[in-house]
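Asks:
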Amino acid sequence: MGVLSLPSRRRAPLMNVRYQDELRLFPSPLAKFGIALVAVAFFAGPYVLSDFWLNVLNYAAVFAVGAIGLNLLTGYTGQVSLGHSVFMGVGAYVAVQFGVKNTWPLLLYLPTAAVVGALVGAVVGPFALRLRGDYLVIVTLGLVFLGEYIFDQWESVTGGNGGTSTAAPLKIWHFDFASLTVFGKLFTRDAGIFWLFWAIVLLAALLAKNLVRSRPGRAMQAVRDRDLAAEVIGVSLFRYKVGAFAISSAFAAVAGAMYGSLQQYVSPSELSGAAGLFLSIQFVAIIILGGLGTIFGGIIGAIVLQAMPKLINRYSDKIPFVTAAGGGNDGIISAASLNNIIYGLLIVAFLVFESRGLAAVWLRVKAYFKTWPFSY
Amino acid sequence: MKPKRLLQLLCLLLVLSMVAAACGDDDDSTSSSGGTTETTASSGGAAKELKPGPGFDGTTIKLGVLTPLTGTVAIIGKPLTAGNKAYFDSINAKGGIAGKYKVELDIQDTKYDPPTTVQLYNGMKNNVVMFAQILGTQPIKAVLPQLKSDKIVAQPATLDADWVHEQNLLPVAGPYQIQAINGLAYWWNEGGGKGKTVCAMAQDDAYGTAGLDGVNYAADKLGFKIAATPKFKVSDQDFTSQINQLKSAKCDAVFLVGTAANLSGIITAAIQNNLQTQWIGQSPSWLGVFAQTPLKDYLAKNFWLAAEGTTWDDTSVPGMVEMVKVHDQFAKDIPVGDIYFPFGYFAAEAVGQVLEKAVAMGDLSRDGIIKAMNSIDKLTFGGLTGDYKYGEPADREPPRTTTIYKVDPARPGGLAIVKQGYESDIAEGYKFQ
Amino acid sequence: MIGSTGVNVVLGAIVSHKLLQLSFQGIALGARYALVALGFVVIFRATQAINFAQGGLVVAGAYLTYNAYHTWDAPFWLAVLFGMLGTALIGALIERLVLRRMVGQPTFTVIMITIGLLFVINELVTTVWGTDTLALNDPWGIKTKNALDVTVLVKDLWTIGLAAAVLLGFFLFFRYSRMGVAMRATAVDQEAALAQGISVRRVFALSWAISGLVAALAGVTLASGPGNLNPNIGLIALAAFPAMILGGLDSPGGAVIGGLVIGLTQVLTAGYQSDLGLDSLGAGFKDVVPYVVMVLILLVRPYGLFGTKEVRRV
Chain A
1259 MGVLSLPSRR RAPLMNVRYQ DELRLFPSPL AKFGIALVAV AFFAGPYVLS
1309 DFWLNVLNYA AVFAVGAIGL NLLTGYTGQV SLGHSVFMGV GAYVAVQFGV
1359 KNTWPLLLYL PTAAVVGALV GAVVGPFALR LRGDYLVIVT LGLVFLGEYI
1409 FDQWESVTGG NGGTSTAAPL KIWHFDFASL TVFGKLFTRD AGIFWLFWAI
1459 VLLAALLAKN LVRSRPGRAM QAVRDRDLAA EVIGVSLFRY KVGAFAISSA
1509 FAAVAGAMYG SLQQYVSPSE LSGAAGLFLS IQFVAIIILG GLGTIFGGII
1559 GAIVLQAMPK LINRYSDKIP FVTAAGGGND GIISAASLNN IIYGLLIVAF
1609 LVFESRGLAA VWLRVKAYFK TWPFSY
Chain B
326 MKPKRLLQLL CLLLVLSMVA AACGDDDDST SSSGGTTETT ASSGGAAKEL
376 KPGPGFDGTT IKLGVLTPLT GTVAIIGKPL TAGNKAYFDS INAKGGIAGK
426 YKVELDIQDT KYDPPTTVQL YNGMKNNVVM FAQILGTQPI KAVLPQLKSD
476 KIVAQPATLD ADWVHEQNLL PVAGPYQIQA INGLAYWWNE GGGKGKTVCA
526 MAQDDAYGTA GLDGVNYAAD KLGFKIAATP KFKVSDQDFT SQINQLKSAK
576 CDAVFLVGTA ANLSGIITAA IQNNLQTQWI GQSPSWLGVF AQTPLKDYLA
626 KNFWLAAEGT TWDDTSVPGM VEMVKVHDQF AKDIPVGDIY FPFGYFAAEA
676 VGQVLEKAVA MGDLSRDGII KAMNSIDKLT FGGLTGDYKY GEPADREPPR
726 TTTIYKVDPA RPGGLAIVKQ GYESDIAEGY KFQ
Chain C
22 MIGSTGVNVV LGAIVSHKLL QLSFQGIALG ARYALVALGF VVIFRATQAI
72 NFAQGGLVVA GAYLTYNAYH TWDAPFWLAV LFGMLGTALI GALIERLVLR
122 RMVGQPTFTV IMITIGLLFV INELVTTVWG TDTLALNDPW GIKTKNALDV
172 TVLVKDLWTI GLAAAVLLGF FLFFRYSRMG VAMRATAVDQ EAALAQGISV
222 RRVFALSWAI SGLVAALAGV TLASGPGNLN PNIGLIALAA FPAMILGGLD
272 SPGGAVIGGL VIGLTQVLTA GYQSDLGLDS LGAGFKDVVP YVVMVLILLV
322 RPYGLFGTKE VRRV
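Protein chains in written order, with this note's numbering: chain A, 1259 to 1634; chain B, 326 to 758; chain C, 22 to 335.
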């Protein structure tokens, strides 16, 4: 025993010493603990939360799936898209056509939505090869207006301008998640959907995580960091740019199908056109807030940005200076305006001060404890 | 624990919960904690004390209102909601429904956006007896499937004819189709339009289609051809091409299915291109302020409005006298002559009548409201709008009267009556699906 | 699809009164797009950033003018001037407080920041002036003039005149004024410009201010008339994107030409759609045509008609 030996209770910090450690799906015991917590929350949620909260979380799940997809495209491959909502629309309408009209089961129409979404995404992908930066952003922006026109015109599927009912079945085998019974207890629609949707989020996250830690994932990141250099070392730009568009669109399409069956109604004017553009912007905001290039970030960003407006709206009468959502002239600013201003400021603040998002904040906190006692 | 094993555990848990679900599949028992379903309070016969249920705590009746308070359609949503509120304030001042149950409104801003409407609906549905207003054809279409599965009734603040036979909706007043039929029939028969050229101009959506249904029906029955039917989008700024189409078709009358959001642009283009024609507008196309803009001379000469009821100073209509009294007491900030305030007021009257009936039948549950609606013979409004025959959904019959207004900048609200409560003989034959 | 009757209609149209009327209308619409697109271009030339908040500046300019004209009873020209200066100040402030920190950041980051600012500006406007549609009731009103057998709105003539004046002003400014030359130098090479003693910071701030001036003009022309002023007029910025892209992001002349092409395309499409028997394409067809044109042109020329090609190195 030399003088330098540390007291035995001061264990050396956890460090990754092998490359395999870096690649592991769940890197540390801390992560495992976190996962256990999430699992508990997942199963307990419908028992303790009211329909209002479950509904908020269900929308968050939809946006989480879409955001994970966009993060693969933007965060990992570096291609920006303001047309994400259109692919959501594609998924929603696949669910209408096959789930509602042809009454296919969930396990059939959801994958179909993903496949069709991927195909449509692959058609858009080649533009990313020809156009760069600003020009690509504006072309994807044009996509939401092209999409609106096509959705409007394709009345037999979309119901045209008037929208259509989208209550596709939510049944797997003989568990109907729209009215789920567990241990003889009948759950509300929102409760059943909560379990189904968050299971889909889990699945989506695992798929995405596996993708980015494998060879294609590294190729995508090479394209993001410097596409010409990547091409020189043998990464096919065509393959990975188009592939990234296809995969992210597949995720968006699944999110769209979920959105439709959750809301039971969609219209072209919400998933495309000007509203669609703002929806696409919301996806970008989610991954900025959550953290570009992280899977976890898309989920946390979706929860925060979905819950915030609904919380502000619901508690508007208790926030000072805010006019209650139901009207009245007692405040300076309306709940809707306040919400949009915070939303705008969040985007600006994160990009200016913490461009790696909440996930980076989390990583810093985690690193502090992980490297303890050497946290400096 | 290795990650793989953790995954296996998660899967196992998932499978277990599913099996558990399967075991209890056929069981119908319900409970009220967390996200589990609530049983609705329903009592069989006419009990003295009403059972509390969703939105009713035994003394106060809570009603939901989903309406645009911001955005372009807020110009309609705000006065209409003020009409709702003024009516219930006046009822509460008299003690409430049946003299003892106060009414409270939970008003939320939909921004006229269907998904927002659905989300607000979900947050509200377990805390209200029914919805005293959901504004807009699209928002109604968006929540209708859920209204049906939740067995909740809503008053639609839109005049689409699709609502007439819906079990879960409580529509009032003559549908858009009837307004179009009566408006054109009046011009044709009484306004010297017989044999002249008729055109239509419509919004490119469900509302536009509803109005055009009526125009087509009128064309068929009165025996004219529609010379041109230009369409436009709500977001359009420039209407030159549509006006040119109307001009080259030499239209003597144009039936306009649009909203106040586009009227200014359309009329400006008409003036610019010197289109002299008789415009007949569907009720949502008007706003009192137009009578104070530079458009007023053209409008006074060329514009009619096919709408409901009567003007505010018409003392021959008892319902209007009553409404003006309530307005002066409870809603002074709404300008006299507004055309959406009366709609909100008589729509709330309809809700009030259903609630009275439900209380009389001793059941304010969701089933109770539906039963009450189905057993009401007819809803009356003291002449503010025509009587509406109720009863079972299939038996319901909307009023078939329309009031024709012209623009008169000197009057409050900018409208003067051309013909009140006009019911053309062809309107009688129109069938609602 | 177009039958022989369709061909006759096309031939007949070439000399018709209708064509003249529609063309004028298209040019007027195009001038509005051009005014918005010029605002984009000024900022892009200096800072290589697309300003998504331009629509917000348009709205702010219109409401500031409204406020000066109605609340303070200023003469109309003075109100417009106030609107322009106020919006220029907002633009310069945005640059100073936010965008200056973002120099050198990826395109996408800057775009998202301006989107965030768009939300903030729009909501501040609706908080101050509400969401109801207001009437600017400007002196142009609904007055018309007849010329060449077509009827034109006085406000449309003004819009076209203003767009032309702004383009001319840009031309003179960038060519002959010291600051204009400095801005051009900065656009070509920032470091070289710095070395020549040009204050790049001042160039950036000035670009945003000029963009604000032009945005306010666009806002006034959009809000003019009875009952046209509401927060949604900012949405025109979305329709002006194709115009800007068509011309190339950094060319003022290109912005005007792009604006006119898009304006004419939209109005003529709407005007002749039913004559050509294409009613089944729907009323939304004219709105999507600009984007189709944009995508097609970009496929052939990835940097627009007049844009500068980017040189890339590994």
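A virtual CB, placed ideally from N, CA and C, is assigned to each residue, including glycine.
For A:Val1606, which option in C:Ile132, C:Pro273, C:Val175 and C:Trp229 has the closest C-alpha, if you only look at C-alpha atoms?
Replies: Taking the first sequence and counting its residues from 1, the one referred to as residue 1606 of chain A is at position 348. Among C:Ile132, C:Pro273, C:Val175 and C:Trp229, the Cα nearest to that of A:Val1606 is on C:Ile132.
Asks: Within the 8 Å Cβ cut-off, does C:Tyr312 reach chain A?
Replies: Walking along the third sequence from the start, residue 312 of chain C turns up at place 291. Yes, its Cβ sits closer than 8 Å to a Cβ of chain A.
Asks: Going by DSSP, what residues sit across from A:Val1580 in a beta bridge?
Replies: Numbered from its first residue, the first sequence carries residue 1580 of chain A at position 322. In DSSP, A:Val1580 forms a bridge with A:Ile1591.
Asks: Count the other CB atoms, across all protein chains shown, that sit within 10 Å of the CB of C:Lys39; report buried if there are 16 or more and exposed otherwise.
Replies: By 1-based counting over the third sequence, the position of residue 39 of chain C is 18. Classification of C:Lys39: buried, given that the 10 Å Cβ count is 16 or more.
Asks: Excluding five sequence neighbours on each side, which residues of the same chain lie with their C-beta closer than 6 Å to the C-beta of C:Gly82?
Replies: Sequence index remark: in the third sequence, residue 82 of chain C carries index 61 (1-based). The answer, listed in chain order, is Gly104, Thr108, Ala236, Ala237 and Gly240.
Asks: In this structure, how does DSSP classify C:Gly104 when only helix, strand and coil are distinguished?
Replies: Position 83 of the third sequence, counted from the first residue, corresponds to residue 104 of chain C. Looking at C:Gly104 - three-state DSSP - the assignment turns out to be helix.
Asks: Taking C-beta pairs closer than 7 Å, name the residues in chain B that A:Ser1592 reaches, listed in chain order.
Replies: The sequence position of residue 1592 of chain A within the first sequence is 334, counting from 1. Neighbours of A:Ser1592 on chain B, chain order: Thr395.
Asks: Should A:Tyr1407 be flagged as near chain C, meaning a C-beta pair shorter than 8 Å?
Replies: As a working mapping, residue 1407 of chain A is identified with position 149 in the first sequence. Closer than 8 Å: yes.
Asks: Is B:Glu429 helix, strand or coil by DSSP?
Replies: To locate residue 429 of chain B, count along the second sequence from 1; it is residue 104. B:Glu429 falls in the strand class under three-state DSSP.
Asks: Which residue marks the beginning of the beta strand (DSSP E) containing B:Ala482, and which one marks its end?
Replies: Here residue 482 of chain B refers to the residue found at position 157 of the second sequence. Segment Ala479 to Ala482, the beta strand (DSSP E) holding B:Ala482.
Asks: Is it right to say B:Gln504 is buried, meaning 16 or more other beta carbons lie within 10 angstroms of its own, or is it exposed?
Replies: Taking the second sequence and counting its residues from 1, the one referred to as residue 504 of chain B is at position 179. Label assigned to B:Gln504: buried.
Asks: Between B:Lys558, B:Tyr730 and B:Leu740, which lies nearest to A:Asp1410 when the distance is taken from Cα to Cα?
Replies: Here residue 1410 of chain A refers to the residue found at position 152 when the first sequence is read from its first residue. Comparing Cα-Cα distances from A:Asp1410 to each of B:Lys558, B:Tyr730 and B:Leu740, the minimum goes to B:Lys558.
Asks: Determine, for B:Lys556, whether the minimum Cβ-Cβ distance to residues of chain C falls below 8 Å.
Replies: The residue you call residue 556 of chain B lines up with position 231 of the second sequence. True, the Cβ-Cβ gap to chain C drops below 8 Å.
Asks: How would you list, in chain order, the residues of chain C whose beta-carbon sits under 7 Å from the beta-carbon of A:Ala1380?
Replies: Walking along the first sequence from the start, residue 1380 of chain A turns up at place 122. The premise fails here: A:Ala1380 is roughly 17 Å from chain C at the closest Cβ pair, so nothing lies under 7 Å.
Asks: Within 8 Å of any Cβ in chain C, is that where the Cβ of A:Val1348 sits?
Replies: Walking along the first sequence from the start, residue 1348 of chain A turns up at place 90. No, its Cβ sits nowhere closer than 8 Å to a Cβ of chain C.
Asks: Can you tell which of C:Val175, C:Gly274 and C:Val221 has its C-alpha closest to the C-alpha of C:Leu193?
Replies: On the third sequence, position 172 is the one that residue 193 of chain C refers to. The shortest C-alpha separation from C:Leu193 is found at C:Gly274.
Asks: At a CB distance below 7 Å, what residues from the stretch 1487-1511 of chain A approach chain B? Give them in sequence order.
Replies: From the stretch 1487-1511 of chain A, no residue has a Cβ closer than 7 Å to chain B.
Asks: Find out if the Cβ-Cβ distance for the pair A:Gly1324, A:Phe1541 is shorter than 8 Å.
Replies: The residue labelled residue 1324 of chain A in the question sits at position 66 within the first sequence. The residue labelled residue 1541 of chain A in the question sits at position 283 within the first sequence. Yes.
Asks: Which residues of chain B have a Cβ atom closer than 9 Å to the Cβ of C:Asp308, listed in chain order?
Replies: Against the third sequence, residue 308 of chain C aligns to sequence position 287. What C:Asp308 touches in chain B: Lys558, Ser560 and Asp561.
Asks: Flag C:Ile163 as yes if its beta-carbon sits less than 8 Å from any beta-carbon of chain B, otherwise no.
Replies: For this step, residue 163 of chain C is matched to residue 142 along the third sequence. Output row for C:Ile163: interface = yes.
Asks: Any C-beta of chain C within less than 9 Å: which residues of the stretch 595-619 of chain B qualify?
Replies: Answer set for the stretch 595-619 of chain B: Ile596, Gln597, Asn598, Asn599, Leu612, Val614, Phe615, Gln617, Thr618 and Pro619.
Asks: Taking the alpha-carbon of A:Ile1505 as reference, which of A:Leu1621, A:Val1381, A:Leu1295 and A:Phe1356 has the nearest alpha-carbon?
Replies: For the purposes of this step, residue 1505 of chain A is identified with residue 247 of the first sequence, where counting begins at 1. With distances taken between Cα atoms, A:Ile1505 lies closest to A:Val1381.
Asks: For A:Tyr1367, which of A:Gly1383, A:Arg1484, A:Lys1429 and A:Ile1539 has the nearest alpha-carbon?
Replies: Stepping through the first sequence from its first residue, residue 1367 of chain A is reached at position 109. Selected option, being the one with the closest Cα: A:Lys1429.
Asks: Using alpha carbons as the reference points, say which of B:Gly606, B:Ile401, B:Gly408 and B:Lys626 lies closest to B:Val649.
Replies: In the second sequence, residue 649 of chain B corresponds to position 324, counting from 1. Ranking B:Gly606, B:Ile401, B:Gly408 and B:Lys626 by Cα distance to B:Val649 puts B:Gly408 first.
Asks: On the CB-based measure, 16 or more other CB atoms within 10 Å of its CB, does B:Gly370 come out buried or exposed?
Replies: Translated into the one-based positions of the second sequence, residue 370 of chain B becomes position 45. Residue placement at B:Gly370 cannot be trusted, given a pLDDT of 43 that sits under 50; the coordinates are not used to answer.
Asks: Taking 8 Å as the limit between beta carbons, can you name the residues of its chain near C:Val171, skipping five residues before and five after?
Replies: Against the third sequence, residue 171 of chain C aligns to sequence position 150. Result list for C:Val171: His38, Leu41, Gln42 and Phe45, in chain order.
Asks: Assess, as a yes-or-no matter, whether the stretch 1299-1308 of chain A is touched by the stretch 1442-1460 of chain A under the definition of 3 or more beta carbon pairs within less than 8 Å.
Replies: Flag = yes, the stretch 1442-1460 of chain A and the stretch 1299-1308 of chain A touch.
Asks: I need the DSSP call for A:Tyr1573, collapsed to helix, strand or coil.
Replies: For this step, residue 1573 of chain A is matched to residue 315 along the first sequence. In the structure shown, A:Tyr1573 sits in coil (DSSP, three-state: anything other than H, G, I, E or B).
Asks: Can you give the beta carbon distance from A:Ala1533 to A:Gly1327, rounded, assuming they're within the 8 Å contact cut?
Replies: On the first sequence, residue 1533 of chain A is found 275 positions in, with the first residue counted as 1. On the first sequence, residue 1327 of chain A is found 69 positions in, with the first residue counted as 1. Not really, about 20 Å apart at Cβ, beyond 8 Å.
Asks: Going straight from the alpha carbon of A:Ala1625 to that of A:Ala1617, what length do you get?
Replies: In the first sequence, residue 1625 of chain A corresponds to position 367, counting from 1. In the first sequence, residue 1617 of chain A corresponds to position 359, counting from 1. If I take the Cα positions, the gap works out to 12 Å.
Asks: How is B:Thr365 classed by DSSP in three states: helix, strand or coil?
Replies: Within the second sequence, numbered from 1, the residue matching residue 365 of chain B stands at position 40. The predicted position of B:Thr365 is uncertain, since its pLDDT is 43 and thus under 50; a value taken from the coordinates is nonetheless stated next. The answer is coil: DSSP assigns B:Thr365 none of H, G, I, E or B.
Asks: Mind checking if A:Gly1425 is an interface residue toward chain B, Cβ cutoff 8 Å exclusive?
Replies: The residue you call residue 1425 of chain A lines up with position 167 of the first sequence. Note on residue identity: the sequence assigns Ala, not Gly, to residue 1425 of chain A. Interface residue, yes.
Asks: Taking Cβ-Cβ distances below 7 Å as the criterion, which residues of the stretch 1594-1608 of chain A are in contact with chain C?
Replies: Per Cβ criterion, the list reads Ser1595, Asn1598, Ile1599, Tyr1601, Gly1602, Leu1603, Ile1605 and Val1606.
Asks: For C:Arg121, which residues in the same chain have their Cβ closer than 6 Å to its Cβ, ignoring the five residues on either side in sequence?
Replies: Against the third sequence, residue 121 of chain C aligns to sequence position 100. Excluding sequence neighbours, C:Arg121 sits near nothing in its chain.
Asks: Is B:Trp629 near the ligand GDP, going by C-beta to nearest heavy atom under 7 Å?
Replies: This structure lacks the ligand GDP, and indeed carries no ligand of any kind.
Asks: A:Ser1613 versus chain C: which residues are under 9 Å apart at the beta carbon?
Replies: Position 355 of the first sequence, counted from the first residue, corresponds to residue 1613 of chain A. Within 9 Å Cβ-Cβ: Gln126 and Thr130.
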